[in-house]
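Q: I have a structure here, written as structure tokens, and I will follow up with some questions on it.
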Amino acid sequence: MSHYNLGSRQMILFLCSIYVFCLTQFGSSFNIDTIRPLVYEDPAAIQNTRESYFGFSLQFLFNQKDNAYNSAKWLLVGAPRANSTFPSLANITEPGQVYRCVLGKPDRDQCQPLIIEREASQNNRDKFYRDRKDYGWLGGAMSVNSPSTGRVAICGYRWSNRRLSTEHYMNGVCYWSGHQVSETEDFVKVLPIVAQDQQVTGTDRNGTYNYAYGQSGFSVHMVQKQDQSEEMIIGAPGVFKWTGAVVRVSDYLPNSPSGVPSRKKRQDKQDIIEFGETTVSASAKISRLEPNDYFGYSVHSGIFFNDGKLLYVSGAPRAAQMQGKVLIFDFLHSGKDSQLKIHLELNGTQLGEYFGASVLAVDLTGDGKSELLVGAPQHSLRPEMADRTGDEGKVYFYLNRNGNLQKPQALYGSKARDARFGTAMASVGDINLDGFNDVVIGAPYENDRGAVYLYLGGMNDIRLHPETGYWQRIAAADFVFPLNNLRGFGISLVAADMDGNSYPDLAVGSFLSGHALVFRSSPVIQLALTMKVNNGGLIDPDGGSVMLSVCSSFESKFSVPEICVGYTFHFDAEYINQPRLILDVDGNQQQPFNYTGILSSGSPSCRKFKLTVANTPYYSQDFSRPAIFRLTAMLLKNVRPLNNTCRPMTDQSLTKDPAGSMRVLIAAGAGSRNNEKDTFCATCPVVDETQKSYVENSAAFTSECGSDNICQEDLDIEANFISDSKEFVVGSRKTLSFEVRLVNHGEPSYLTTIEIQLPIYTNLKRTPADLCQKPSIGFSDELIYSCQLRVNPLKRAKTEKMEFEIDMTSIPSGGNNDLTVLIEARMNTAAAMGRRPRFNLTIPLKTAIDVEIMGNSIEEQQTYQRPNDTTTVTIMKERLTFKHLYEVRNVLPSAAKVEIEVLVPVSVLSRQGVTLYLVELATTSVDATQKGGQSNSLCHLDYNSGQSMDVQEFRESISSSPIVKSQPAFKFAQANRTAFIDCFNTKSVSCVKYVCSVFGTLSPESPVTVSLTGTLHLQNIFSFAEKKDVFILSSAARVTIRQPANIQQPFGHKPDIAIASTHFLPQGPPGTLAVASWIIVLAVLAGILLLSLMVVGLHKMGFFKRQRYPQDALVDDGATPGDGSSDDMDNEPQPNAMRGSTDHIVHTKRVRFDEEVVFVHIP
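Counting from 1, position 294 in the sequence shown corresponds to residue 287 in the working numbering; the numbering is continuous, with no gaps.
Written out as structure tokens, the structure reads:
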């Protein structure tokens, strides 16, 4: 084994004890211990001229064999700007370096450089590359499939390929190794985009950068498939003018026709070529992406749909007009330029938020399907206040419900300015062993220091803290000396169980200060508290008493035999200063009453308390309100059970951890060892903070209940929906209110509650004044709410009215025919004898769906230049593009899941039997976008369509549709000049079908727009159309309701089929079709004849013999301009003379024509 001495600056393992190097009080705490972290510092910090970014990437790697230990545990730490300590790489500037830091072994050098590749440069003529490792950023991205068994990948995305002395193409590089990393052998090199013919397409002067600056290895993700084969997913955001690409490097089985090893054949390792097959996505052919989108910026994988197939996820943070985009996809085939099958597209909502900068697929609900988290670290909460806010960051959380990604929820962390929350995300596994995976999210620039946030998974959704959303926040600003210089904390995150207590431990990179920290997790216990009130929960105010029985127990997935618990008991919590009850225990009558106890795992501990009404004047006490009993429990820290007593951990008999927790010596800065010990206890539990640490109950003081002091209540319950309609149309309203009336005909009813049962797909959105407890799940999966009355007691002849509101948004269309709410009154007295007045409230449910589809062309008419002898060669190369839009709406309120089929004409068979492609299939794309900021639709080409029966049926249904019959066939041209390119007028045309399965439900508020874009091949069209010069290209679309099944739309419903057409017409001269000479001569003669007839007609009508008025009769000499003899002239101007170009004087006279006055200018 080669050993390299790094000098005096060794890794420093800091141990922050609770007394010396302690943290200040943290704002939030779960089970991740922040008091005693293991801290690793850049071993070569003094040697580096600038920050090495030690901690920029992290990975755990266990079960490593070396000369000193048979099963070492490593933390791999990337320092992408570090100078190498290997002699062969001494002349290379900042190639980057990866360190293996030994966990829990203080008696040897803690961090050593990992051998990746010894040679400074390789000149590989077969693959035509030559290394340039300067500024290569090795260690900028790392991934390990499984810390215990999987392979290791390490990438440097700034590695350059020196093809020639003047050309340095930044292709990027990745290396991989088997799980057992050799300390003497190099990793295997992976260069997926060094193909010479793909670097620059076209000429060097006017070419397009394809692979040249691809930067493969910017992101990397290791995948283990169900057949145990492994894949390495590499992001290359610089491919094809920074459109971006994703590379899949997978195991290869030469004898397998599919190239994918089967599980059975994987048992023979010799047949497998590990990572022997490389697939590169064809960036130029992905219609949803454009240059500078950065596809491949982040990568991950998960199972999202009900088919159980593993799919890939990648972010393009500059796509969608800088709002960002994430694609869920699969590769259609292997090899370079593989097209992608896009299953789902998600878009950001804010310009420049970098939506997709990080992606994480993880199952948080335990249903076997992945939820999706998308980071947008540059999201601004108040973009209009850019000078005071910005870059707080946001994470979009998409819940997966039955294979459908729901509308995203937003996670924000602390909403600190410039925090860039969401820069890094990682699954930490099940950190509290509650059966659900959990996640951590980094905000590396929060308060210029950084922070990490813990979020928990749950049964039906992500489990958010009721106040903050997150359950634990680890902030670098909370650390004190010697960790008060942490910066960039949270840039990288990884988790695994390193100490063997079954709870994952968390490693966090702090790259700007050059640190990597490991936080260990404590076992979690669930405390359970119960309190039972005897006597029916009623107390006689005249010297009566009540008995309470309180029990406590705990459970833990980790072996914790006993714990010490402290209790606080309030026996009249709302009357602390003057309690109405007395608790007499060991002479202590004050509240709260505090005591301690020892709990054994799985064995409840119970205690009884007797409370007596205080001996004070009756009139001085308020007995109108019940007595509230509250018992609070907390785990005692630094205390352990010993001989049935709780003793401090400082006791000599407890200095040794019976479970054998780690005792690690500290390596000081100069390499010496001090005597400090690691005081972290891997077996000492903490309480699960997701559960309440207290229990409450109550008892009422009775009065007006007769001589026997037993109340004989007589309750009736009624209810009605607050609605004008006798039925509820699903989707018509978000809520439905109902009123409950409870009437008491007997003696006062104390502590009476109303129990409401609802179907599981509904819930109470609004309740009176928070009087209802959280719902429980009944035996038939119904939700059960228990609600207190606002008055206590409910006296004789009194009526209590309560109004509730049901959330109706989750009621499925086409489900149950009725909605039934069971309302029941529960009385708390012995006289009730189990009698429970109840009322069944029912309203019929109706599903109303009417789906409509409409189609149009973006440019209904387009022109082209008709080719002649001089332009044929040029025009034949021309491509005419078309774009058709279809909008699908549901005009009725009930939601539906629909499938949209788009039929596109593609080719025709020529007379010679040759297939002529009229529409280029390679450039045809169909995208479906649902309103609401994200694409919820999956569109794919049905490769089995062609002339299949399904397509034939589709074509026939279009031909017989009233929509087709109402289309004007010849809108811009005559029939003899028109050629049809469609699937219903021309039977000789072959068509293909695209299918869009709308992912979200179709409601009136969320229409779907389907966009069809394609290109016509002019040369083949002219061959098909022969002498015709007008082409009508038509596509067709059909919408089908998939859910609810067998739904009937109303009579006369909206059309389910639509057509969109584009007319292509020839331009005018030059290139216009020649007109026959006889047509021109005939047109001229017809014009002359028509003119002659018009002249004859006018002559016959006397038009040329009209009577003329004498000139003198037109002149009225009795009035002259300005003489004041006419009222009509009072306000007229008085033009005396006008001067012409020859200075002649022009006189004016007023002339009358009937009653109108005109001025005539007489020279």
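For every residue, glycine included, the Cβ atom is placed at its ideal position computed from N, Cα and C.
Taking the straight line between their C-alpha atoms, what separation do you get for residue 801 and residue 634?
A: Your numbering for residue 801 matches position 808 in the sequence shown. Your numbering for residue 634 matches position 641 in the sequence shown. So the alpha carbons of these two residues sit roughly 52 Å apart.
Q: Quick one: what does DSSP say residue 1108 is sitting in, helix, strand or coil?
A: Counted from its first residue, the sequence shown places residue 1108 at position 1115. Residue placement at residue 1108 is poorly supported in this model, since its pLDDT is 48, which falls under 50; the coordinates still yield a value, given next. Residue 1108: strand per DSSP, three-state reduction.
Q: Taking the straight line between their C-alpha atoms, what separation do you get for residue 776 and residue 815?
A: Translated into the one-based positions of the sequence shown, residue 776 becomes position 783. Translated into the one-based positions of the sequence shown, residue 815 becomes position 822. Taking the straight line joining both Cα atoms gives about 10 Å.
Q: Are the Cβ atoms of residue 318 and residue 340 separated by less than 8 Å?
A: Within the sequence shown, numbered from 1, the residue matching residue 318 stands at position 325. Within the sequence shown, numbered from 1, the residue matching residue 340 stands at position 347. The answer is yes: Cβ separation under 8 Å.
Q: Hey, how far is the Cα of residue 286 from the Cα of residue 279?
A: Locating residue 286 in the sequence shown gives position 293, where the first residue counts as 1. Locating residue 279 in the sequence shown gives position 286, where the first residue counts as 1. Computed Cα separation, rounded: 12 Å.
Q: Helix, strand or coil for residue 1117? Go by DSSP, reduced to three states.
A: Reading the sequence shown from its first residue, position 1124 is the one you call residue 1117. The predicted position of residue 1117 is uncertain, since its pLDDT is 44 and thus under 50; a value taken from the coordinates is nonetheless stated next. Three-state DSSP puts residue 1117 in coil, outside helix and strand.
Q: Short check: CB of residue 212 to CB of residue 292, under 8 Å?
A: In the sequence shown, the residue the question calls residue 212 occupies position 219. In the sequence shown, the residue the question calls residue 292 occupies position 299. Cβ atoms of residue 212 and residue 292: closer than 8 Å.
Q: Report the residue ranges of all beta strand (DSSP E) runs contained in full by the segment 378 to 427; include only those spanning at least 3 residues, in chain order.
A: Here the runs fully enclosed are 387 to 391, 402 to 404 and 417 to 422.
Q: Do the segment 894 to 913 and the segment 1046 to 1058 make contact, defined as three or more Cβ pairs closer than 8 Å?
A: No, they do not touch.
Q: Check whether the segment 945 to 956 and the segment 913 to 925 are in contact - that is, three or more C-beta pairs closer than 8 Å.
A: Result no; under three Cβ-Cβ pairs closer than 8 Å.
Q: Given that a residue counts as buried once 16 or more other Cβ atoms are within 10 Å of its Cβ, and exposed if not, what is residue 795?
A: Residue 795 sits at position 802 when you count from the first residue of the sequence shown. By the neighbour-count rule (16 or more Cβ atoms within 10 Å), residue 795 is buried.
Q: Please go through the same chain and pick out, in chain order, the residues whose beta-carbon is closer than 8 Å to the beta-carbon of residue 133, but skip the five residues on each side of it.
A: Here the question's residue 133 lines up with position 140 in the sequence shown. Cβ within range, chain order: 49, 50, 71, 73, 89, 148, 149, 150, 151, 210 and 211.
Q: Determine the closest residue to residue 751 out of 726, 804, 786 and 788, with distance taken between C-alpha atoms.
A: On the sequence shown, residue 751 is found 758 positions in, with the first residue counted as 1. Cα-wise, what sits closest to residue 751 is 804.
Q: Quick check on residue 33: does DSSP put it in helix, strand or coil?
A: Position 40 of the sequence shown, counting from 1, holds the residue named residue 33. Residue 33: strand per DSSP, three-state reduction.
Q: Indicate whether residue 396 and residue 350 have their beta-carbon atoms separated by less than 8 Å.
A: Residue 396 sits at position 403 when you count from the first residue of the sequence shown. Residue 350 sits at position 357 when you count from the first residue of the sequence shown. Cβ distance not < 8 Å, so residue 396 and residue 350 don't count as in contact.
Q: Let me know the secondary structure DSSP gives residue 38 once reduced to three states.
A: Within the sequence shown, numbered from 1, the residue matching residue 38 stands at position 45. If DSSP states are grouped into helix, strand and coil, residue 38 belongs with coil.
Q: Would you call the segment 227 to 245 in contact with the segment 295 to 315, where contact means no fewer than 3 C-beta pairs closer than 8 Å?
A: As far as the Cβ criterion goes, the segment 227 to 245 touches the segment 295 to 315, which means the pair count is three or higher.
Q: Closest by CA to residue 1054, which one among 464, 608, 563 and 974?
A: Within the sequence shown, residue 1054 is the residue found at index 1061, counting from 1. The residue with the shortest Cα to Cα distance from residue 1054 is 974.
Q: Whose C-alpha, out of 576, 989 and 854, is nearest the C-alpha of residue 895?
A: To locate residue 895, count along the sequence shown from 1; it is residue 902. Measuring from the Cα of residue 895, the nearest candidate turns out to be 989.
Q: Over what stretch of residues does the alpha helix (DSSP H) that includes residue 1014 continue unbroken?
A: For the purposes of this step, residue 1014 is identified with residue 1021 of the sequence shown, where counting begins at 1. Start and end: 1011 to 1018.
Q: Could you give the DSSP three-state label for residue 916: helix, strand or coil?
A: Walking along the sequence shown from the start, residue 916 turns up at place 923. Residue 916 falls in the helix class under three-state DSSP.
Q: Identify the residues that DSSP records as bridge partners of residue 275: which are they?
A: Residue mapping note: residue 275 aligns to position 282 of the sequence shown, counting from 1. None, per the DSSP bridge assignment.
Q: Report the rounded CA-to-CA distance for residue 55 versus residue 67, giving the unit in angstroms.
A: As a first step, residue 55 is located in the sequence shown; it is residue number 62 there, counting from the start. As a first step, residue 67 is located in the sequence shown; it is residue number 74 there, counting from the start. Their Cα atoms are separated by approximately 6 Å.
Q: What are the start and end residues of each continuous beta strand (DSSP E) run of 3 or more residues lying completely inside the segment 804 to 855, in chain order?
A: You should have 811 to 819, 831 to 839 and 844 to 850.
Q: Using C-beta distances below 6 Å, list every residue in its chain close to residue 126, excluding the 5 sequence neighbours before and after it, in chain order.
A: On the sequence shown, residue 126 is found 133 positions in, with the first residue counted as 1. Once the five neighbours on either side are set aside, the close Cβ partners of residue 126 are 85 and 88.
Q: Suppose the cutoff is 7 Å on Cβ atoms and the five residues either side in sequence are ignored; what does the same chain contact list for residue 624 look like?
A: For the purposes of this step, residue 624 is identified with residue 631 of the sequence shown, where counting begins at 1. Hits under 7 Å: 522, 524, 543, 560, 562, 687 and 688.
Q: Is it right to say residue 219 is buried, meaning 16 or more other beta carbons lie within 10 angstroms of its own, or is it exposed?
A: Within the sequence shown, the letter at position 226 stands for residue 219. Counting Cβ neighbours within 10 Å, residue 219 comes out exposed, since fewer than 16 surround it.
Q: In this structure, how does DSSP classify residue 1096 when only helix, strand and coil are distinguished?
A: Position 1103 of the sequence shown holds residue 1096. In the structure shown, residue 1096 sits in a helix (DSSP, three-state: H, G or I).
Q: Is it buried or exposed for residue 717, if we count other Cβ within 10 angstroms and need 16 for buried?
A: Residue mapping note: residue 717 aligns to position 724 of the sequence shown, counting from 1. Per the 10 Å Cβ criterion, exposed.
Q: Could you check where the alpha helix (DSSP H) with residue 888 kicks off and where it finishes?
A: Residue numbering aside, residue 888 sits at position 895 when the sequence shown is read from its first letter. Looking at the DSSP string, residue 888 is not in any alpha helix (DSSP H), and its letter there is neither H nor E.
Q: Exposed or buried, residue 469, counting other C-beta atoms within 10 Å across all chains shown (16 or more means buried)?
A: In the sequence shown, counting from the first residue as 1, residue 469 sits at position 476. Its Cβ being crowded by 16 or more others within 10 Å, residue 469 is buried.
Q: So the beta strand (DSSP E) residue 525 belongs to, where does it begin and stop?
A: Numbered from 1 along the sequence shown, position 532 holds the residue referred to as residue 525. 517 to 526 is the extent of the beta strand (DSSP E) around residue 525.
Q: DSSP three-state label for residue 232, please.
A: Sequence index remark: in the sequence shown, residue 232 carries index 239 (1-based). Residue 232 falls in the helix class under three-state DSSP.
Q: Is the segment 990 to 1010 touching the segment 880 to 890 in the sense that three or more CB pairs, one from each, lie closer than 8 Å?
A: Contact holds: three or more Cβ-Cβ distances are below 8 Å.
Q: So, with DSSP's three-state summary, where would you put residue 652?
A: Translated into the one-based positions of the sequence shown, residue 652 becomes position 659. Interpretation of residue 652 is limited by its pLDDT of 32, a score under 50 that renders its predicted location unreliable; the figure taken from the coordinates is listed afterwards. Coil.
Q: How long is the line joining the alpha carbons of residue 840 and residue 753, rounded to whole angstroms?
A: Taking the first residue of the sequence shown as 1, we reach residue 840 at position 847. Taking the first residue of the sequence shown as 1, we reach residue 753 at position 760. In a straight line, the C-alpha of residue 840 is about 19 Å away from that of residue 753.
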